[in-house]
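Asks:
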Amino acid sequence: MKKLFLSIVIIVFTIVSLNAQASFGAKAGVNFSNLSEDDMDWKSKTGFNIGLFVEVEISDLLFFQPEILFSTQGAKIEESGAELKINTSVVNIPLMIKYKAAEKFYIEAGPQIGFLTKAEMEFTYDGVSGTEDVKDDAKSIDFSLNFGLSIDVIESLFVGARYSFGLSNISDDKEDPTDIKASNISIMVGYRFN
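Numbering (our numbering), first residue to last: 6 to 199.
Here it is as structure tokens:
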């Protein structure tokens with residue numbers, strides 16, 4: 006996994022370094038993530054994302070934007086006074102294509118690969134709480150598809166929103182096989198340094 010991650014980063018930044026029309030930047034925002042699973046009524050959980058991006062100009066209207074984002078995600082269930090939370094930390098690498106639909110307004114779409122760094126189950130019931138590491142029950146890599154939009158507030162500053170839905174099953178529980186997919190809505194603020 007580490008070799009794949011390093012290879013992707015090297016390829017992306019090699020491509021960018023060969024293109025003179027590139028802008029580097031940082032972005033951060035809030036996540037509203039969830040899980041979809043048969044027979045489980047998961048609710049969205051709030052987290053955050055922060056990371057770096059490169060915006061490569063392909064033409065006047067088209068841009069390629071690879072990113073590296075650290076993201077906290079998961080979901081929760083509340084029932085009869087009990088609460089169960091799944092807390093995950095993921096390094097996401099979206100590879101976005103941005104289209105300039107109007108002045109200062111962009112539509113974007115692209116695939117994303119996520120590398121799981123932490124997965125915990127947190128429970129609270131009748132005044133008792135605890136945490137359990139469940140990383141071994143989750144797959145280390147997740148594939149998603151992203152759709153979003155962004156608006157330039159000023160030349161270097163922009164705000165955006167993005168929806169990501171999982172394409173792959175993230176469960177790796179051998180004892181209780183099930184199909185679980187992750188989804189996430191992000192609202193972000195970004196800044197281009199050049």
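Glycine included, each C-beta is placed from N, C-alpha and C at the ideal position. Every value quoted in this text rests on a predicted model; they were computed, and no experiment measured them.
#1: Kindly list the residues whose CB is nearer than 7 Å to the CB of V139, restricted to its own chain and excluding five residues on each side of it in sequence; keep chain order.
#2: S173 bridges to which residues according to DSSP?
#3: Would you say the stretch 83-91 touches the stretch 55-75, given that touching needs at least three Cβ pairs under 8 Å?
#4: Provide the residue span of the beta strand (DSSP E) that contains T51, from first to last.
#5: Does DSSP put K144 in a helix, a strand or coil?
#6: Given this structure, state the Cα-to-Cα distance separating T122 from V96, to the nearest angstrom.
#7: Run through DSSP, which three-state label would G195 get?
#8: Which same chain residues end up closer than 7 Å to Q78 when comparing Cβ atoms and leaving out the 5 residues on each side of it in sequence?
#9: Once the 5 residues before and after I2 are set aside, which same chain residues still bring their CB inside 8 Å of it?
#10: Looking at A114 and N151, is the spacing between their C-beta atoms short of 8 Å?
#11: Going straight from the alpha carbon of F58 to that of W47, what length do you get?
#12: Pick out whichever of F68, V158, F148 has its Cα sitting closest to the Cα of Q26.
#13: Could you tell me which residues DSSP pairs with L89 in its beta bridges?
#14: Closest to I192 by C-alpha separation, out of A106, A166, E160, would be which residue?
#15: Three-state secondary structure (DSSP) at I102?
#16: Among the residues of its own chain, which have a CB less than 6 Å from the CB of Y111, if the five just before and after it don't count?
#17: Let me know the secondary structure DSSP gives Q26 once reduced to three states.
#18: Since V96 sits in a beta bridge, which residues does DSSP pair it with?
#19: Whose C-alpha, out of F163, D178, V133, I98, is nearest the C-alpha of D141?
#20: Quick one: give me the first and last residue of the beta strand (DSSP E) that E137 is part of.
#21: Quick check on E160: does DSSP put it in helix, strand or coil?
Replies: Looking at the atomic coordinates:
#1: Indexing the sequence shown from 1 puts residue 139 at position 134. Taking C-beta separations shorter than 7 Å and ignoring five residues to either side along the sequence, the partners of V139 in its chain run A124, E125, M126, following chain order.
#2: Mapped onto the sequence shown, residue 173 falls at position 168. Its beta-bridge partners do not exist; DSSP assigns none.
#3: No, the stretch 83-91 is not in contact with the stretch 55-75.
#4: Working through the sequence shown from its first residue, we reach residue 51 at position 46. For T51, the uninterrupted beta strand (DSSP E) segment begins and ends at 50-62.
#5: Your numbering for residue 144 matches position 139 in the sequence shown. Reduced to three states, the DSSP call for K144 is coil.
#6: Here residue 122 corresponds to residue number 117 of the sequence shown, with the count starting at 1. Here residue 96 corresponds to residue number 91 of the sequence shown, with the count starting at 1. For T122 and V96, the distance between alpha carbons rounds to 7 Å.
#7: By 1-based counting over the sequence shown, the position of residue 195 is 190. G195 falls in the strand class under three-state DSSP.
#8: Position 73 of the sequence shown, counting from 1, holds the residue named residue 78. Around Q78: N36, S38, G52, T93, V95, A187, N189.
#9: Past the boundaries of the shown model lies residue 2; the chain is included only from 6 to 199, so the question cannot be answered.
#10: As a working note, residue 151 is residue 146 in the sequence shown. As a working note, residue 114 is residue 109 in the sequence shown. Taking 8 Å as the Cβ cut-off, N151 and A114 qualify as a contacting pair.
#11: Here the question's residue 58 lines up with position 53 in the sequence shown. Here the question's residue 47 lines up with position 42 in the sequence shown. Cα-Cα distance, rounded: 31 Å.
#12: Position 21 of the sequence shown holds residue 26. Among F68, V158, F148, the Cα nearest to that of Q26 belongs to F68.
#13: For the purposes of this step, residue 89 is identified with residue 84 of the sequence shown, where counting begins at 1. I82, F128, per the DSSP bridge assignment.
#14: For the purposes of this step, residue 192 is identified with residue 187 of the sequence shown, where counting begins at 1. The candidate whose alpha carbon is nearest that of I192 is A166.
#15: For the purposes of this step, residue 102 is identified with residue 97 of the sequence shown, where counting begins at 1. When secondary structure is reduced to three states using DSSP, I102 falls in the strand class.
#16: Here residue 111 refers to the residue found at position 106 of the sequence shown. Contacts found: K103, K105, S155.
#17: Residue numbering aside, residue 26 sits at position 21 when the sequence shown is read from its first letter. Coil at Q26, not helix or strand.
#18: Here residue 96 corresponds to residue number 91 of the sequence shown, with the count starting at 1. Answer is F75, F120, bridged to V96.
#19: By 1-based counting over the sequence shown, the position of residue 141 is 136. Nearest C-alpha to D141: D178.
#20: Taking the first residue of the sequence shown as 1, we reach residue 137 at position 132. For E137, the uninterrupted beta strand (DSSP E) segment begins and ends at 133-138.
#21: Within the sequence shown, numbered from 1, the residue matching residue 160 stands at position 155. E160 falls in the coil class under three-state DSSP.
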